[in-house]
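Engineer:
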Amino acid sequence: MKKIVLLFAFFAIGLQVLMAQTKELSGSVTSADDGGAIPGVSVSVKGTTLGTITDMNGVFGLKVPQDAKALVFSFVGMKSQEVAIGNQTKINVKMASESISVDEVVVTGLGISREQKSLGYSVTNVKSEAITKGGQMNLTSSLTGKVAGVQVNQFGGAVGASSRISIRGNSSFSADQQPLIVVDGVPISNSSNRSGDNTYNGVDYGSGLNDINPQDIESVTVLKGGSAAIYGMLAGKGVILITTKSGKGKEGVTVSYDGDITVDRVSTLPKLQNSYGQGYGGDESHWKADGGTLSYQDFAQENAFSWVDGSNGVNDFYDESWGPRLDVGLKLPQYDSPVVNGVRQATDWVSRPNNVKDFFQTGYSQNHTISVQSQSAKSNTRASLSYRNQTGTVPNTDQRRYSGQFNTDMKLNDYFTIDMSANYTRTESDNLLGQGYGSNNPINGLLVWSGRQINMNTLKANWDEKDAAGEYTYYNWNTNYHMNPYFNVYKNTNSLLRDRLFAKSSLFFQPIKSLKFEGRLGFDTYSMKSFERHYFDHGDYPEGGFDQRTYKNSELNMDFIASFNQVYGDFNVSLVAGANYRNVVYEYDRSGANALTVPGVYTLSNMSGTPIGEMDHSHTRSNSVYSTGSFGWKHQLYLDMSARNDWSSTINDSFFYPSASLSWLPTESFKGLKNDVLSFLKLRGGWAQIGSATTAYRNRAYYYSESSSFKGVAQMYKSYTYPNEGLRPESVKTWEVGVEAGFFDDRLHADVAYYNKKTEDQIMNVSTSNVVGFSAMTLNAGKIVSKGIEVQLRADVIRRKEGLNWTSTLNYSRDRSKVLELAPAFPALKSYQLGWTWGIANQAIAGEPWGVLVGTGYARTEDGAIKVNSSGLISTESSKKIGYAAPDYLAGWRNDFTFKNFSLGVFLDLRIGGDIWSQSMSHSYAAGTAAETVKNGVREHAIVAGKDVMTNERFVMKDASGNWVTNTIETDAQTWFESGGVAEMYIFDGSFLKLREINVSYNVPKSLLSKIKYVSNATVSVIGSNLALLWVDKSNTLRLDPEAGGVSSDTRGVGFEQASVPASRSFGLKLNLTF
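Numbering (mature numbering (1 follows the signal peptide of the UniProt record, and there is no 0)), first residue to last: -20 to -1, 1 to 1055.
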């Protein structure tokens, strides 16, 4: 109770009413550059302590003494103006810029607009143009590389793929480390729903941010560290604030069209060999070892590749490419050879270098948005309708999105204003591709296992072949282990239907100019249905099956906010106090069958065997009170403080989250500092405590049901995890310092920040003895410290009013997150698993950086040589540290050129470091399809490790005396690569340099538009995104896209590559029209 009293006492500071013989003045302040309203401008009465600031619409009202002579208008980054009052009652002012880049107003916590120069913490604002000009398919992709300290991973090139955003590294053991998303002041869900686990047969149904049309976004603000403290236990991973477009702008009615059409093509495919085809033991080294009694033709046909009957023959048993050499005149019976009198004929044994590429098609995407906006003296309104259609590079995959957005604010009278917004989206897909290592994912078999002689055209032409009885023959190059990829994408489909609505409504009451009250109601609700159909596959559904899921989520937020803004002479005071109620309900239902009586009929009545059934329900609530205070002095020194107290149903106690920051502009304090070199200098620092709440029911025991029953009665099971009634939220204490400076009339601008963030009380599940009745318990433990540097540079290399202009921007960030301790109360706990796949784990280990990849590694001598066994194969050690998943640093470099009506933008994206274990590399080595398996002619003769393979390493063997000496043991390539149970061999450095975006635009001159009735502005652009993977580390031997491999949008997928759809490059045309 004391905390609540303190919060509201803090809010009440400075409230007063000045009583005098006065008169009323009003007016507005706009920019002389673009005519836009300027909020936050200080309006003071010269020679007095009276004053106010403009509101969000740039409007002010002020009572002044009858003898007042002039008003002074000032705003950081704008030229101050003094205007005589005289007999005027309405004063409108246009303010000119001082060419300082950070004078812009940005949206901060709670939707409060602030001058960026006044902020004592790091905030990055991305404008609408930067989001949409590159032609990216969704908002998340549009942010890639544009904000220092923000890493974005898009998981593969599949239609509708989800993504992962992390701010300032990884600082938690929890799977979900994505930031809070707030749209127009209301939190919304960014959950990524998927079926299956992170390794096997899952389907990715996309991220919540994919539901937002980028064309409806005005700006995106990224709150890092202490700047997010006002959101308390929701903000431990940072906050992304999205402001949608309103009707503010040109007075009157404006109609706009924004559209683009792009072509998508697979950009990166693994480097595969084209020298040897499907089979086993068919290379020259095996032929020579056979004694050469047979010709290579006879040896190949009798030993390495034999077609028997298309079922359980040698051809079907071996799906590897250790068969005979291609393109040397051999003729062998193959799966697509003609059959004469029941005998399959021999055909040319030739390579198909493009067979993997031939499977993929050209994808197409189109986006269309029509908007209408209106501005008048009392209201601003915008409404839009949009349509997006994407056809994937994988055949028979697609997605469609229909959306509508509405935003309005209206002044009802002198005291009341309403502000409403709504966004509805429907997303449909007839088929989304499966992921992971399973028959549900045709890409796995295609990229890794497909024989290098396979003709993809015959698979495409005959995928739906049927026998005399009308049954599918499952025509394929291998019928034991793999599905024809075309049969898979056309018959085993995964459909999606998602409806989503998020909206907010605010009522403002302003009894006096300096005091405002707001009541805000916001909600976000979605319903998603997925249906996975399995006509037949070799994996989980040999008799067919289906799996249907329904997800429903609803979040309600109610806020009451009071704000006070006043100017007292040289002091600006801004106070906010409020309360929030949050209610979240989640429901999940699943039903299906693992076998069907009649193929292709996907109903429970056609089920054979035990049905699939699951249900889940959770309900959480929270209450919060919060307050902020901003104090400015002479537009040069700013102090910001905030406080929030949260009560959550998932935590028994309440928690308090304070913050404070200071910003000082020496160039405003000491005018002599400004010169031809230094045009602006700002020093800032801040401290905050924020948190991360837990999910429902971790502090209480709960029960769940499964499909099993006892004597016809459904069984209930108690949760296996011991509940912790004293559970606390994760605690994040962070501080940062920074400096911003402008040089040469702000032609060069720099923003440098250093941060230190300590995360404690990690919420962990730790294994316990079953003797206590539970197999695990939830506890608060673990500490991680993150330290990092962020640099943002902007240079106007060429800046002219007319002619060529060139602006170059660079973002750089480096984060080092280190695990300080795990759970001291459990000394046996040496590591904590963050993610896993194929026996490889991503672990948290005390004393190590976050994200240690652990698996089988090379056994080495003390001087670093790799040991081999008596067969000449690598000796291994289990549970060895073999890599570090977190990148070393990130950078983005953009160059924008304008010349008359033309503009050109080029954006490069760089990542250094971040180790990845590759499933594709592991399996393609074993399958003999990787280019490395033929390098240096290793299949033509016996090989020696260190001499013929892995020549950058030194290998040793034991001599007769037991001493380690240089390895000379011979083996063959097939044995060497097939024995690769060494996870360390398939770790590669995830570094890359990408040409992320190029856009060329032409703004049609007014002289030409005057001939076209109703069109006031037109811009035509050529756009391209993800155009080229310019560089990867040499350890990436398959030249895989390091971004495109994961199968999970949370930390469980970090550090792993698992045969996802290859990334695509997109290029096309974009058109913007204004009427």
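Even glycine gets a Cβ: it sits at the ideal position worked out from N, Cα and C. Being a predicted model, the structure only gives us computed values, none of them experimental.
Decide if I80 is buried, meaning its Cβ has at least 16 other Cβ atoms within 10 Å, or exposed.
Structural biologist: Below a pLDDT of 50, predicted positions are generally treated as unreliable, and I80, at 46, falls in that range; the measurement from the model is reported next regardless. Answer is buried; the Cβ neighbour count reaches 16.
Engineer: Quick check on DSSP: helix, strand or coil for L119?
Structural biologist: Reduced to three states, the DSSP call for L119 is helix.
Engineer: What residue from I222, I592 and P465 has the CA that sits closest to N442's CA?
Structural biologist: When each option's Cα is compared against that of N442, the closest is P465.
Engineer: Check the C-beta distance from P1042 over to V246 and give it rounded, since I have them as a contact under 8 Å.
Structural biologist: With 8 Å as the limit, P1042 and V246 qualify as a contact, their Cβ atoms being about 5 Å apart.
Engineer: Residues in the same chain with beta-carbon distance under 6 Å from I423, minus the five sequence neighbours each way, listed in chain order, please.
Structural biologist: Correct list, in chain order: A1039 and V1041.
Engineer: Is it a yes or a no for the stretch 87 to 97 touching the stretch 325 to 342, going by three-plus beta-carbon pairs under 8 Å?
Structural biologist: No, they do not touch.
Engineer: So who's on the other strand from I350, going by DSSP bridges?
Structural biologist: According to DSSP, I350 bridges with Y237 and L365.
Engineer: Helix, strand or coil: how does DSSP classify L189 here?
Structural biologist: Helix, per DSSP.
Engineer: Alpha carbon to alpha carbon, how far is T2 from A17?
Structural biologist: T2 and A17: Cα-Cα distance of roughly 27 Å.
Engineer: Just tell me which of P709, S851 and W613 has its CA closest to the CA of F55.
Structural biologist: Ranking the options by Cα distance to F55, first place goes to W613.
Engineer: Three or more beta-carbon pairs under 8 Å between the stretch 493 to 511 and the stretch 540 to 555, yes or no?
Structural biologist: The stretch 493 to 511, when compared against the stretch 540 to 555, does touch it at the 8 Å Cβ threshold.
Engineer: Could you have a look at T371 and say whether DSSP puts it in helix, strand or coil?
Structural biologist: In this structure, T371 counts as strand in the three-state DSSP scheme.
Engineer: Need the endpoints of the beta strand (DSSP E) that I764 sits in, please.
Structural biologist: Here the beta strand (DSSP E) through I764 covers K763 to I778.
Engineer: Under the rule that 16 or more other beta-carbon atoms within 10 Å means buried, what is N458, buried or exposed?
Structural biologist: Looking at its Cβ environment, which holds 16 or more other Cβ atoms inside 10 Å, N458 is buried.
Engineer: Decide if the stretch 346 to 364 is in contact with the stretch 229 to 240; the criterion is three or more beta carbon pairs, one per stretch, under 8 Å apart.
Structural biologist: With a cut-off of 8 Å, the stretch 229 to 240 and the stretch 346 to 364 count as touching, because enough Cβ pairs lie within range.
Engineer: For the pair the stretch 990 to 1003 and the stretch 221 to 228, tell me if three or more CB-CB distances fall below 8 Å.
Structural biologist: Contact between the stretch 990 to 1003 and the stretch 221 to 228 is absent, because fewer than three Cβ pairs lie under 8 Å.
Engineer: DSSP three-state label for K471, please.
Structural biologist: DSSP places K471 in helix when its eight states are reduced to three.
Engineer: Excluding five sequence neighbours on each side, which residues of the same chain lie with their C-beta closer than 8 Å to the C-beta of A839?
Structural biologist: Cβ within range, chain order: I846, K847, I854, S855, T856 and E857.
Engineer: Determine the extent of the beta strand (DSSP E) in which residue 1057 is found, giving its start and end residues.
Structural biologist: The requested residue 1057 is not part of the displayed model; the chain covers only -20 to 1055.
Engineer: How big is the Cα-Cα spacing for S571 and I592?
Structural biologist: Near 5 Å, if we compare the C-alpha coordinates of I592 and S571.
Engineer: So what's A911 in DSSP terms, helix, strand or just coil?
Structural biologist: Correct three-state label for A911: helix.
Engineer: According to DSSP, is D527 helix, strand or coil?
Structural biologist: Three-state result, D527: strand.
Engineer: Compute the Euclidean distance between the alpha carbons of Q68 and F53, then round it to the nearest angstrom.
Structural biologist: Cα-Cα distance, rounded: 16 Å.
Engineer: If you compare alpha carbons, which of T530, V886, E594 and T931 is closest to Y185?
Structural biologist: Among T530, V886, E594 and T931, the Cα nearest to that of Y185 is on T530.
Engineer: Decide if E1023 is buried, meaning its Cβ has at least 16 other Cβ atoms within 10 Å, or exposed.
Structural biologist: Counting Cβ neighbours within 10 Å, E1023 comes out buried, since at least 16 surround it.
Engineer: Taking DSSP as the reference, what is the three-state secondary structure of V428?
Structural biologist: The answer is helix: DSSP assigns V428 an H, G or I state.
Engineer: Helix, strand or coil: which one does DSSP assign to N997?
Structural biologist: Reduced to three states, the DSSP call for N997 is strand.
Engineer: Determine whether the beta carbon atoms of Y637 and N655 lie at a separation below 9 Å.
Structural biologist: The answer is no: Cβ separation not under 9 Å.
Engineer: Can you give, in chain order, each stretch of the alpha helix (DSSP H) that sits fully within the stretch 791 to 827 and has at least 4 residues?
Structural biologist: Within the stretch 791 to 827, no complete alpha helix (DSSP H) run reaches 4 residues.
Engineer: When burial is assigned at 16 or more other CB atoms within 10 Å of the CB, is Q46 buried or exposed?
Structural biologist: Result: exposed.
Engineer: Please determine, among D889, G831 and K59, the residue with the shortest C-alpha to C-alpha distance to S151.
Structural biologist: Closest by alpha carbon: G831.
Engineer: Assess, as a yes-or-no matter, whether the stretch 415 to 434 is touched by the stretch 375 to 395 under the definition of 3 or more beta carbon pairs within less than 8 Å.
Structural biologist: These segments do not touch.
Engineer: Tell me the start and end of each unbroken alpha helix (DSSP H) in the stretch 620 to 705 that is at least 4 residues and wholly inside, in chain order.
Structural biologist: List check, alpha helix (DSSP H) in window: 646 to 649.
Engineer: Count the other CB atoms within 10 Å of the CB of A128; is the residue buried (16 or more) or exposed (fewer)?
Structural biologist: Its Cβ being crowded by 16 or more others within 10 Å, A128 is buried.
Engineer: Are at least three pairs of beta-carbons, each pair with one atom in the stretch 510 to 517 and one in the stretch 469 to 482, less than 8 Å apart?
Structural biologist: These segments touch.
Engineer: Determine the DSSP secondary structure at D338, reduced to helix, strand or coil.
Structural biologist: Of the three classes helix, strand and coil, the one that applies to D338 here is helix, per DSSP.
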